[in-house]
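Engineer: Heads up: the sequence shown is residues 9 to 709, going by this note's numbering. Using N, Cα and C, we set each Cβ at its ideal position, and we do this for glycine too. Being a predicted model, the structure only gives us computed values, none of them experimental.
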Amino acid sequence: MAALSAVVPLWLLLAPGRVFCEEVAETGAYDDDQPEPGLPGEEILVEEPRVELHVMPGTTVTVIDVDQDSQRMLSLGDILPASPGLYVRTAGGIGSMQTLRMRGASGSELRVLVDGVPVAQDSVGALDLSSLPLDNVVRIEVFRGNLPAGLGAQGIAGAINLVTTAGLDEPTLRLDLGAGSFHTYQGSLNLGGPLLGWSTSAWASVLSAGNDYVFYDDNGTPYTTSDDDPSAVRLNSDVARAEASLRASADAFALALDFMGRDAGVPGPGSHQDSDARLQELSTRASTSWNHAFSDHLSLKLTPHGELGSQRYRDQQLDVGSTGQDIVSDTWALGLETDVSWEPVSIFPMRVLLALGRESWQGVDLVQSESEEALRWRDRLTWVFDSGVDLEPGTASNGRFAASARVAADLARTAAEGSLPYSLDMEVEEPGTDALLGPSFGLSLALTRWWSLRLSGGRYNRLPTFPELYGDQGGVVGNAELKPERALSIDGGADLAGTVAGGALTGAVTLYHRLVYDYITYVQNSQYTLMAENYQKVGVSGLELELAFLGDLLSLGQLEAGLAWSLTRTRNLSDDPVVYGKALPWQPLNDLYLDLEFRRELLEPGATLEYDDGNFRDSANLFSVPPRAFLHLRLALSPGGRWPRFCLEVRNVTDNRVEYMDEILTLETGEAAPQAISDYWGFPLPGRSVYMSLSWSPLSR
9 MAALSAVVPL
19 WLLLAPGRVF
29 CEEVAETGAY
39 DDDQPEPGLP
49 GEEILVEEPR
59 VELHVMPGTT
69 VTVIDVDQDS
79 QRMLSLGDIL
89 PASPGLYVRT
99 AGGIGSMQTL
109 RMRGASGSEL
119 RVLVDGVPVA
129 QDSVGALDLS
139 SLPLDNVVRI
149 EVFRGNLPAG
159 LGAQGIAGAI
169 NLVTTAGLDE
179 PTLRLDLGAG
189 SFHTYQGSLN
199 LGGPLLGWST
209 SAWASVLSAG
219 NDYVFYDDNG
229 TPYTTSDDDP
239 SAVRLNSDVA
249 RAEASLRASA
259 DAFALALDFM
269 GRDAGVPGPG
279 SHQDSDARLQ
289 ELSTRASTSW
299 NHAFSDHLSL
309 KLTPHGELGS
319 QRYRDQQLDV
329 GSTGQDIVSD
339 TWALGLETDV
349 SWEPVSIFPM
359 RVLLALGRES
369 WQGVDLVQSE
379 SEEALRWRDR
389 LTWVFDSGVD
399 LEPGTASNGR
409 FAASARVAAD
419 LARTAAEGSL
429 PYSLDMEVEE
439 PGTDALLGPS
449 FGLSLALTRW
459 WSLRLSGGRY
469 NRLPTFPELY
479 GDQGGVVGNA
489 ELKPERALSI
499 DGGADLAGTV
509 AGGALTGAVT
519 LYHRLVYDYI
529 TYVQNSQYTL
539 MAENYQKVGV
549 SGLELELAFL
559 GDLLSLGQLE
569 AGLAWSLTRT
579 RNLSDDPVVY
589 GKALPWQPLN
599 DLYLDLEFRR
609 ELLEPGATLE
619 YDDGNFRDSA
629 NLFSVPPRAF
639 LHLRLALSPG
649 GRWPRFCLEV
659 RNVTDNRVEY
669 MDEILTLETG
679 EAAPQAISDY
689 WGFPLPGRSV
699 YMSLSWSPLS
709 R
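#1: Beta-carbon separation of residue 266 and residue 291 under 9 Å?
#2: Confirm, please, whether the CB-CB distance from residue 145 to residue 171 is below 9 Å.
#3: Would you kindly check if the distance between the Cβ of residue 589 and the Cβ of residue 598 is under 9 Å?
#4: Looking at residue 285 and residue 277, is the spacing between their C-beta atoms short of 9 Å?
#5: In the DSSP output, which residue or residues are listed as bridge partners for residue 692?
#6: Suppose only complete runs of 3+ residues qualify. What are the beta strand (DSSP E) ranges in the segment 286-330, listed by chain order?
#7: At what residue ranges does the segment 131-171 contain a whole run of the beta strand (DSSP E), taking only runs of 3 or more?
#8: List the whole-angstrom C-beta distance separating residue 699 from residue 671, where the pair is believed to meet the contact cut-off of C-beta under 8 Å.
#9: Is the beta carbon of residue 347 closer than 9 Å to that of residue 360?
#10: Are there 16 or more other CB atoms within 10 angstroms of the CB of residue 309, so buried, or fewer, so exposed?
#11: Hey, how far is the Cα of residue 705 from the Cα of residue 174?
#12: When DSSP builds the beta bridges, which residues end up paired with residue 89?
#13: Can you tell me whether residue 439 is buried or exposed, with buried defined as 16 or more other CB within 10 angstroms of its CB?
#14: Are residue 141 and residue 251 touching if we call contact CB-CB under 9 Å?
#15: DSSP state of residue 475, grouped into three classes?
#16: What does the alpha-carbon distance come out to for the pair residue 239 and residue 691?
#17: Taking all protein chains shown into account, decide if residue 707 is buried (16 or more other Cβ within 10 angstroms of its Cβ) or exposed.
#18: Going by CA-CA distance only, name the one from 566, 505 and 388 that's closest to residue 162.
#19: Need the endpoints of the beta strand (DSSP E) that residue 206 sits in, please.
#20: Kindly indicate which residue of 206, 181 and 218 has the alpha-carbon position closest to the one of residue 192.
#21: Measuring CB atoms only, is the segment 94-103 touching the segment 245-260, in the sense that at least three cross pairs come out at less than 8 Å?
#22: Less than 9 Å separating the beta-carbons of residue 409 and residue 157?
#23: Pull up the DSSP beta-bridge partners for residue 449, would you.
#24: Would you kindly work out how many angstroms separate the C-alpha atoms of residue 694 and residue 467, rounded to a whole number?
#25: Out of 582, 553, 563 and 567, which one is the CA nearest neighbour of residue 573?
#26: Starting from residue 369, trace the beta strand (DSSP E) both ways and give me its first and last residue.
#27: Quick check on residue 313: buried or exposed, where buried means 16 or more other Cβ atoms within 10 Å of its Cβ?
#28: Are the segment 591-610 and the segment 554-574 touching, with three or more C-beta to C-beta distances below 8 Å?
#29: Using a Cβ-Cβ cutoff of less than 6 Å, which residues in the same chain neighbour residue 640 once the five nearest sequence positions on both sides are dropped?
#30: Compare the C-alpha of residue 287 against each of 281, 319, 296 and 315 and name the closest.
#31: Which residues bound the beta strand (DSSP E) around residue 604?
#32: Looking at C-alpha atoms only, which residue of 305, 262, 269 and 333 is the closest neighbour of residue 298?
#33: Using the beta-carbon count (16 or more within 10 Å), is residue 96 buried or exposed?
#34: By a C-beta neighbour count over all protein chains shown, 10 Å radius and 16 as the cutoff for buried, is residue 650 buried or exposed?
#35: Around the Cβ of residue 501, are there at least 16 other Cβ atoms within 10 angstroms (buried) or fewer (exposed)?
#36: Does the contact criterion of 3 or more C-beta pairs under 8 Å hold for the segment 462-480 versus the segment 64-75?
Written as structure tokens, this is what we have:
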């Protein structure tokens with residue numbers, strides 16, 4: 009799969025009551041006399057969206073197209089950096105744990121959805137991206153700042169929505185196989201077509217990765233090099249995973265089912281090599297939806313959904329954590345979204361979303377002989393009202409203006425039953441109730457056919473997760489006194505859409521500023537444990553730039569290029585003098601992503617460059633993360649015209665594994681000490697790797 013950041017011109021999204029894909033098809037981005045982008049004679053197709061999300065005026069949106077034709081061996085963490093403001097932390101190679109940050113916000117402050125259905129997050133907080141479906145994903149929608157009404161009330165920094173393959177009306181059969189470095193093997197099968205009056209699509213995939221790559225091991229002594237091992241092999245980083253997905257649709261109904269099973273080693277951070285820690289999990293997500301249009305101005309959508317997960321995490325020898333753990337836990341969540349769209353007058357669209365849900369986590373630590381089974385649960389009622397005005401709807405004429413006001417209310421009851429970690433003096437006898445209100449606004453103005461301006465802002469809230477409130481039965485101690493996070497944010501920028509050198513050029517520049525009150529973060533409260541605490545205030549400001557080009561290159565072929573760059577400045581504004589004025593850890597100052605792909609008949613070479621710097625591992629900014637620069641090259645071949653397709657990819661071509669840190673000087677020579685290129689909590693990353701894949705679809709032309 010190849011990913012390219014496609015900037016959606018916001019002047020095509022001005023009507024809050026319309027879907028952006030449909031809006032593009034209706035208005036068009038060019039004059040009638042102007043040729044549309046693409047190769048001579050090529051028809052430009054706009055696919056129907058898997059899920060209709062109404063976009064609020066002023067929202068900053070990036071759409072990442074996942075090119076199923078290349079079928080590269082990728083993870084979500086490899087694709088998401090195509091959007092500015094997104095930074096992925098990973099524990100190692102393919103299939104390893106990955107968490108996401110957006111605009112300086114942690115993964116707990118983001119909303120994650122699959123086909124518009126929210127993924128349960130209260131039990132884990134920051135989602136592991138490697139647990140989400142990918143093989144059947146065709147598009148990723150990244151919303152920064154204001155969220156569409158259909159995404160609910162959560163998301164201080166924004167949200168990501170994974171859009172999957174819908175049911176297919178034509179018979180489809182496709183096989184993908186891949187293999188590569190570090191004992192990595194992958195295969196997937198897709199079947200689809202009409203069945204008993206339904207349009208269906210089914211995916212199944214397996215992945216096995218040893219991730220036994222070589223890294224520079226400083227032996228836990230960064231100031232001494234005499235005991236370093238520059239060729240240490242990563243241990244206990246293997247992953248075995250199986251996924252399956254089913255999609256079916258008929259008339260107004262749609263069904264979705266996702267399954268994932270995984271058995272993975274949990275490698276230690278830094279130079280700490282382990283052999284025992286293990287994570288095993290099973291998860292299932294199911295949803296159905298029913299759409300009905302009562303008239304041209306009134307429609308209703310009902311979406312019941314459920315999620316069930318079972319997990320066992322073992323670290324009895326303290327290989328990774330600070331305490332011995334053998335935790336068996338179950339998570340389940342149920343929800344219902346009622347979405348009403350009403351347009352009494354063509355220029356005054358309105359939308360109301362009412363969501364009900366319960367999420368529960370139940371687990372026990374088998375290491376603690378006296379441990380009781382713990383239960384945490386949260387009931388939630390979310391109400392979102394969005395209304396606005398859209399002047400000159402359905403056109404892209406100069407001076408087009410749209411405005412929207414949105415109010416989100418969140419009412420939640422949270423409680424814990426059973427034992428709490430470490431016998432803390434916390435009694436949760438009655439459910440705690442939180443009522444949160446979040447008003448916001450959005451404005452869009454099309455100055456010309458090629459330029460538009462946008463502005464949005466509002467108040468956003470986040471409830472503490474179960475681990476933050478009650479601990480995780482292991483090394484995390486609960487804090488039932490935590491306050492919800494409250495954020496004030498403003499976001500503005502300009503969008504460009506035009507033709508350059510016979511191709512389509514789209515771009516966006518965005519400035520934003522956010523203040524988060526009662527910011528929740530983990531701090532070490534003893535030699536072996538962490539506990540969540542509220543910081544009084546945190547400030548985040550940034551600049552984002554994204555460009556995308558698609559067009560003919562000197563009649564030689566088609567060039568597709570995407571650029572995403574973000575400058576993110578964070579400041580801790582709490583009263584603690586140790587951290588006041590310091591940058592938040594694990595958020596790079598500069599983050600750059602550049603992707604190029606050239607297409608000519610049977611040949612498709614491509615390259616991706618990733619770079620980030622200005623990152624710290626700790627709140628006091630005493631330990632910096634080495635800057636990272638990775639160059640990836642790929643070549644896709646289609647000797648049969650379209651199928652079969654071969655793809656060869658070399659990642660980290662320069663084998664960038666070591667960086668010399670000026671702030672860490674060796675005791676022997678006084679020179680900069682070598683440090684492994686690392687990521688999440690200091691996990692070393694793999695060096696040069698090679699992957700090959702084959703895709704074949706015998707029923708396709």
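Structural biologist: Based on what the coordinates show:
#1: Indexing the sequence shown from 1 puts residue 266 at position 258. Indexing the sequence shown from 1 puts residue 291 at position 283. Cβ distance < 9 Å, so residue 266 and residue 291 count as in contact.
#2: Position 163 of the sequence shown holds residue 171. Position 137 of the sequence shown holds residue 145. In this structure, the beta-carbon distance from residue 171 to residue 145 falls below 9 Å.
#3: Looking up residue 598 in the sequence shown gives position 590. Looking up residue 589 in the sequence shown gives position 581. Cβ distance not < 9 Å, so residue 598 and residue 589 don't count as in contact.
#4: Sequence index remark: in the sequence shown, residue 277 carries index 269 (1-based). Sequence index remark: in the sequence shown, residue 285 carries index 277 (1-based). No, the Cβ-Cβ distance between residue 277 and residue 285 is not below 9 Å.
#5: Along the sequence shown, one-based indexing puts residue 692 at 684. DSSP, once it has assigned bridges, lists 686 as partnering residue 692.
#6: Restricting attention to beta strand (DSSP E) runs no shorter than 3 residues, the segment 286-330 encloses them at 286-301 and 306-323, ordered along the chain.
#7: Entirely contained in the segment 131-171, the beta strand (DSSP E) runs reaching 3 residues are, in chain order, 145-152.
#8: Numbered from its first residue, the sequence shown carries residue 699 at position 691. Numbered from its first residue, the sequence shown carries residue 671 at position 663. Not really, about 35 Å apart at Cβ, beyond 8 Å.
#9: Start at 1 with the first residue of the sequence shown, and residue 360 comes out as number 352. Start at 1 with the first residue of the sequence shown, and residue 347 comes out as number 339. It is a contact, given that the beta carbons lie within the stated cut-off.
#10: What you label residue 309 is simply residue 301 of the sequence shown in a count that begins at 1. Taking every protein chain shown into account, the CB of residue 309 has 16 or more other CB atoms within 10 angstroms, so this residue is buried.
#11: By 1-based counting over the sequence shown, the position of residue 705 is 697. By 1-based counting over the sequence shown, the position of residue 174 is 166. About 18 Å.
#12: Translated into the one-based positions of the sequence shown, residue 89 becomes position 81. BP columns for residue 89 are empty, so no partner.
#13: The count along the sequence shown starts at 1 and reaches residue 439 at position 431. An exposed status is given to residue 439, since fewer than 16 other beta-carbon atoms sit within 10 Å of its beta-carbon.
#14: The residue you call residue 141 lines up with position 133 of the sequence shown. The residue you call residue 251 lines up with position 243 of the sequence shown. Closer than 9 Å, so yes.
#15: The residue given as residue 475 occupies position 467 in the sequence shown. Note: residue 475 maps to helix in three-state DSSP.
#16: Start at 1 with the first residue of the sequence shown, and residue 239 comes out as number 231. Start at 1 with the first residue of the sequence shown, and residue 691 comes out as number 683. Those two C-alpha atoms are separated by around 15 Å.
#17: Within the sequence shown, the letter at position 699 stands for residue 707. Exposed: under 16 other Cβ atoms inside 10 Å.
#18: Within the sequence shown, residue 162 is the residue found at index 154, counting from 1. Nearest option by C-alpha distance: 388.
#19: Against the sequence shown, residue 206 aligns to sequence position 198. Here the beta strand (DSSP E) through residue 206 covers 206-217.
#20: Indexing the sequence shown from 1 puts residue 192 at position 184. The alpha carbon of residue 192 has as its nearest neighbour, out of 206, 181 and 218, the alpha carbon of 218.
#21: A contact exists between the segment 94-103 and the segment 245-260.
#22: Position 401 of the sequence shown, counted from the start, is the residue given in the question as residue 409. Position 149 of the sequence shown, counted from the start, is the residue given in the question as residue 157. Against a cut-off of 9 Å, the Cβ pair of residue 157 and residue 409 comes out as no contact.
#23: Here residue 449 refers to the residue found at position 441 when the sequence shown is read from its first residue. Answer by DSSP bridge pairing, in chain order: 413 and 465.
#24: Within the sequence shown, numbered from 1, the residue matching residue 694 stands at position 686. Within the sequence shown, numbered from 1, the residue matching residue 467 stands at position 459. Between the alpha carbons of residue 694 and residue 467 lies a gap of roughly 41 Å.
#25: Position 565 of the sequence shown, counting from 1, holds the residue named residue 573. Comparing alpha carbon positions, the residue from 582, 553, 563 and 567 closest to residue 573 is 553.
#26: Here residue 369 refers to the residue found at position 361 of the sequence shown. In the DSSP assignment, residue 369 falls within the beta strand (DSSP E) that extends over 356-373.
#27: The sequence position of residue 313 within the sequence shown is 305, counting from 1. Flag for residue 313 reads buried.
#28: Yes, the segment 591-610 is in contact with the segment 554-574.
#29: Translated into the one-based positions of the sequence shown, residue 640 becomes position 632. Spatial neighbours of residue 640 in its own chain (CB-CB distance under 6 Å, excluding positions within 5 residues in sequence) are listed in chain order as 616 and 659.
#30: Locating residue 287 in the sequence shown gives position 279, counting from the first residue. Taking only the C-alpha atoms, the option nearest residue 287 is 319.
#31: The sequence position of residue 604 within the sequence shown is 596, counting from 1. If you look at residue 604, you'll find it in the beta strand (DSSP E) that goes 598-607.
#32: Here the question's residue 298 lines up with position 290 in the sequence shown. Ranking the options by Cα distance to residue 298, first place goes to 262.
#33: If you number the sequence shown from 1, residue 96 lands on position 88. Around the Cβ of residue 96, a 10 Å sphere holds 16 or more other Cβ atoms; the residue is buried.
#34: Here residue 650 refers to the residue found at position 642 of the sequence shown. Flag for residue 650 reads exposed.
#35: Walking along the sequence shown from the start, residue 501 turns up at place 493. Burial check for residue 501: the Cβ neighbour count within 10 Å reaches 16 or more, so the residue is buried.
#36: When C-beta atoms of the segment 462-480 are compared with those of the segment 64-75, three or more pairs fall below 8 Å, so the two segments count as touching.
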